[in-house]
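Below: the structure, in structure tokens.
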Amino acid sequence: MERRGFIKRMGLGSALLGTAGAMSIPAFGAEKVPAPTFKMDFAPHFGMFKNSAPGGIVDELKFMADQGFRSLEDNGMLKRSVADQELIGKTLNDLGMRMGVFVIDGGDNWKVSLTTGKQEFLDVFLKTCRESVEVAKRVGAKWATVVPGYFERNLPMGVQTGNVIEALKRAAEILEPHGLTMVLEPLSDNPDLFLRHADQTYMICKAVSSPSCKILYDIYHMQRNEGNLIATMEKTWSEIAYIQIGDNPGRKEPGTGEIHYGNVFKYINSKGFTGVMGMEHGNALPGVDGEKALIEAYRKVDIV
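Residue numbers (numbering that gives the first Met the number 0): 0 to 303.
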């Protein structure tokens, strides 16, 4: 039975029981009023509310919608079964939510790959791009994350950059006809990663010159790598298509670290950004209470 219908029926049944019995019994499970919709399009991920919605992916999506979230992101979507992808896509559609990023990962994201210019790495990447088009259709995705991998220490930086640009041009040829945008993510996880700075990513996007190749600006990673967040976003704004969130240190929700997310979000809002903002971080506190605290943290920084 559909959840809200069940709640209504249970509430009605309890009320009737109260009138028939010797003493009145309060209505049980009266339908909850959904929380106000967030003004900015924050996108949680599966597992973020596993204690509040322990019934699986559909239950968690419904919980997200009830809390006012309008989108989902799921880095591991590519690895899910077709049945789960279709279920997620249908549930998002039913709830009026949209799909944020998943990761285009053929297994080479965390090793030396596209920087080398080697055909075997290019073949795997392009094959994964073709698979990602089909996944995007099932879940209604418009963006997918791309990580070019590690440095090739035996090649000059310019040659590595040229190799990455050529690979991304080939990928754009696959993605562009389907309206799928790969968003390149500069990361801070370790210094061996090729893509680490916003200006570097901006240059590569300009060279690829496709609407299907843009920047994923992850505020957590960029705070760690270069700081000066608002000024850097301003310089690279024309190529930013997707934003991710996480405070530093700790990579938890806004308000748990050093980033003034209130000001950062005011800037993003002033630019007229209507895209998805992925909540790619952990919960600062455990359990249901931690999940409530996370939601409240986003209420505090949500901007009109």
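Don't be surprised by glycine CBs; every beta carbon is placed ideally from N, CA and C.
Which residues bound the alpha helix (DSSP H) around residue i?
i, result
"A240", "Premise fails: A240 lies in the beta strand (DSSP E), 239 to 243, not in any alpha helix (DSSP H)."
"M202", "197 to 207"
"I229", "228 to 235"
"F264", "260 to 269"
So what does DSSP say about residue i, is it helix, strand or coil?
i, result
"F41", "strand"
"R129", "helix"
"M76", "helix"
"I302", "coil"
"F101", "strand"
"I173", "helix"
"A34", "coil"
"L284", "coil"
"L154", "coil"
"A306", "Residue 306 falls outside the range modelled here, since the chain spans only 0 to 303, and no answer is possible."
"L71", "strand"
"R250", "coil"
"M47", "coil"
"L194", "coil"
"Q118", "helix"
"I24", "Since pLDDT at I24 reaches only 40, below the 50 mark, its modelled position is unreliable, and no value is offered."
"T90", "helix"
Which residue or residues does DSSP assign as beta-bridge partners of residue i?
i, result
"V145", "L183"
"G277", "A42, Q243"
"D188", "D188 pairs with nothing; no bridge assigned."
"V111", "Y149"
"A140", "M98"
Keeping to the same chain, check which residues put their C-beta closer than 6 Å to that of residue i; ignore five residues upstream and five downstream.
i, result
"N268", "I302"
"E85", "R137"
"A135", "L179"
"P350", "Given that the chain is displayed from residue 0 to residue 303, the structure contains no residue 350 and the question cannot be resolved."
"F62", "F48, S51, A52"
"R152", "none"
Please return the same chain residues whose Cβ sits closer than 8 Å to the Cβ of residue i, not counting the five positions on each side in sequence.
i, result
"Y149", "W109, K110, V111, S112, T114, D191, L192, F193"
"C204", "L183, C212, K213, I214, E238"
"P35", "G67"
Report all residues from its chain with a CB closer than 7 Å to the CB of residue i; omit the five preceding and five following residues, and keep chain order.
i, result
"A240", "W142, T180, V182, K213, I214, G274"
What residue range is occupied by the uninterrupted beta strand (DSSP E) comprising residue i?
i, result
"L215", "212 to 217"
Exercise. Taking contact to mean at least 3 C-beta pairs separated by less than 8 Å, is the region 113 to 127 in contact with the region 78 to 93?
Worked result: no
Touching or not, the region 181 to 188 and the region 137 to 152, by the rule of three or more beta carbon pairs under 8 Å? yes
* Between the region 56 to 72 and the region 30 to 48, are three or more C-beta pairs nearer than 8 Å? -> Taking 8 Å as the limit for Cβ pairs, the verdict is that the region 30 to 48 does touch the region 56 to 72.
Could you say if the region 43 to 60 and the region 284 to 293 meet the contact criterion of at least three C-beta pairs nearer than 8 Å?
Touching, yes, given that three or more Cβ pairs across the two stretches are closer than 8 Å.
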